[in-house]
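Undergrad: Input: one structure, supplied below.
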Ligand SMILES: [Zn+2]
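Numbering (the numbering used here), first residue to last: 7 to 430.
Structural data, given as structure tokens:
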């Protein structure tokens, strides 16, 4: 009844991989939780990329409300590119202070709209203690100083806040997060912090984010990352061990396990930059691209000719259109499914004037020409990128949309969701 709540997000985990691992018991902790809970498949938001989806998971809002449009986008007011990086590791590789500041500080302090309320803000306002481990979208009510002075400025996060060793609200003895990314050091860091938090009964709500699976799946493809999933499973297992076993754990905690988006295999790379004139700004990464232009219809028509573009979306005045299969359709706000997701992406004031969703197997090269051809990727409107596993242990029905997770967390504590999430 007065159970606490843990939200586990395994980045990039597809329903197929999750269901297989449960069936074959190759992820024993997830399988045990599955046996104790209610499971379904849910839909992600669009573009199905981590910063966009994590903002949706943290706020219950879609991009039209929360304002995060893509991994990389053009900031119209500041007249500059914003690049979050596919992961903390990629961001470090990119190496600029600007990128680090955008991904860690600016996304939460400025890019995330004040119209959206995070689950941390709502719960702390109600007097509860929230905790986040490595969660990219963390905005909260408590000011935290970085552990490395001068790298980034102080940020506002949940009361108990752990972010890739860079912010640590408490001394836990956890090893440094960013040592060997491919070896799963980030999830190992999460496990050490999680163990500490559960042992001390240190929260009412914990957002436990495990990014290593997505990283492995990008490199090896969605079917080839079993070893990484085993490590994510162990990171969840660490919480259960700290509580003294599964029965004691479930007596103390309700649990939600899900991912932020899916992944699909990619074997071909396309440069959207080659299809538009130099005066239009292209921001592309993974399986979604955006173009900032004064001539959206003209640019959209040209992009629709690109072999590899599945759906090309654009706005013209108050109307939104999709070019698909050689035809043009006005997007209908009363339609569910891909049209609703496309409209919410276009309605984001930070989005490009044109948005492109890739066909199966294709990835759009980013500004540095990076891609994951031969591995896995995501970002498109297609099912494989958009479908996620959704497991709830402890009462509530699994939401059918990742935007339903934050309202579920609030309802767990008897708190009303923000108006934008109630209307949905
Ligand atoms: Zn990814």
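From the three backbone atoms N, C-alpha and C, an ideal C-beta is built for every residue, glycine too.
#1: With DSSP as the reference, label residue 141 as helix, strand or coil.
#2: Taking 8 Å as the cut-off, is the beta-carbon of residue 76 closer than that to any non-hydrogen atom of ligand 1?
#3: Enumerated in chain order, which unbroken segments of the alpha helix (DSSP H) with a length of 4 residues or greater are wholly contained in the segment 312–353?
#4: Sorry if obvious, but does the Cβ on residue 91 come closer than 8 Å to a heavy atom of ligand 1?
#5: Tell me whether the beta-carbon of residue 140 lies closer than 9 Å to the beta-carbon of residue 192.
#6: Within 10 angstroms of its Cβ, does residue 282 collect 16 or more other Cβ (buried), or is it exposed?
#7: By alpha-carbon positions, which one of 23, 419, 240 ends up nearest to residue 212?
#8: Could you round the C-beta distance between residue 105 and residue 89 to whole angstroms and report it? I think they count as a contact, below 8 Å.
#9: Where does residue 339 land, buried or exposed, given buried means 16+ other C-beta within 10 angstroms?
#10: Relative to the C-alpha of residue 388, which candidate in 31, 403, 365, 374 has its C-alpha closest?
#11: Kindly indicate which three-state DSSP category residue 413 falls into: helix, strand or coil?
#12: Is residue 73 near ligand 1, with its Cβ less than 8 Å from a heavy atom?
#13: Between 362, 269, 277, 354, which has its C-alpha nearest residue 307's C-alpha?
#14: Suppose contacts are defined by Cβ-Cβ distances below 9 Å. Is residue 130 in contact with residue 156 by that definition?
#15: In terms of DSSP beta bridges, what is residue 407 paired with?
#16: With a 10 Å radius around its C-beta and 16 neighbouring C-beta atoms as the bar for buried, classify residue 5 as buried or exposed.
#17: For the 8 Å Cβ check, are there 3 or more pairs between the segment 247–257 and the segment 274–292?
#18: Are residue 396 and residue 266 closer than 9 Å when you measure CB to CB?
#19: Out of 286, 309, 36, state which residue places its alpha-carbon closest to the alpha-carbon of residue 300.
#20: Would you mind stating whether residue 55 and residue 292 have Cβ atoms separated by less than 9 Å?
#21: For the alpha helix (DSSP H) containing residue 60, name the first residue and the last one.
#22: Spatial neighbours of residue 99 within its chain, please: CB distance less than 6 Å, with the 5 preceding and 5 following residues excluded, ordered by chain position.
#23: Mapping DSSP to helix, strand and coil, what is residue 419?
#24: Whose C-alpha, out of 181, 163, 218, 368, is nearest the C-alpha of residue 242?
#25: Is residue 114 near ligand 1, judged by its Cβ being under 8 Å from some heavy atom?
#26: Considering residue 363, what are the terminal residues of the beta strand (DSSP E) in which it resides?
#27: Taking the alpha-carbon positions, what's the residue 259 to residue 64 distance?
#28: Please state if the CB of residue 377 and the CB of residue 383 are separated by a distance shorter than 9 Å.
#29: At the level of alpha carbons, what is the spacing between residue 10 and residue 303?
#30: Alpha carbon to alpha carbon, how far is residue 51 from residue 66?
#31: Rounding to the nearest angstrom, what Cα-Cα distance links residue 371 and residue 235 in this structure?
#32: Any heavy atom of ligand 1 within a distance shorter than 8 Å of the CB on residue 220?
#33: Below 8 Å, can you find three or more Cβ-Cβ pairs linking the segment 170–185 to the segment 113–124?
#34: Please report the distance separating the alpha-carbon of residue 29 from that of residue 222.
#35: Is it the case that the Cβ atoms of residue 350 and residue 70 are separated by a distance below 9 Å?
#36: Let me know if residue 269 comes out buried or exposed under the rule of 16 or more other beta-carbons within 10 Å of its beta-carbon.
TA: Checking against the coordinates, here is how it stands:
#1: coil
#2: It does not: the Cβ of residue 76 is nowhere closer than 8 Å to a heavy atom of ligand 1.
#3: Listed in chain order, the complete alpha helix (DSSP H) runs (minimum 4 residues) inside the segment 312–353 are 344–352.
#4: Because no heavy atom of ligand 1 lies under 8 Å away, the Cβ of residue 91 does not count as near it: no.
#5: yes
#6: buried
#7: Among 23, 419, 240, the Cα nearest to that of residue 212 belongs to 419.
#8: 5 Å
#9: exposed
#10: 365
#11: helix
#12: no
#13: Ranking 362, 269, 277, 354 by CA distance to the CA of residue 307 puts 362 first.
#14: Inclusion of residue 130 and residue 156 in the CB contact set at 9 Å is not warranted, their separation being larger than that value.
#15: Its beta-bridge partners are 49.
#16: The structure shown has nothing for residue 5, since the chain only spans 7 to 430.
#17: no
#18: no
#19: 286
#20: Contact flag set, yes.
#21: 56–65
#22: Because residue 99 sits at a pLDDT of 49, beneath the cut-off of 50, its placement in the model cannot be relied upon, and the following sentence gives the value as read from the coordinates. Closer than 6 Å at the Cβ level, and outside the excluded window around residue 99, lies no residue.
#23: coil
#24: 218
#25: no
#26: 360–364
#27: 19 Å
#28: yes
#29: 50 Å
#30: 11 Å
#31: 27 Å
#32: yes
#33: no
#34: Straight-line Cα distance between these residues: approximately 21 Å.
#35: yes
#36: buried
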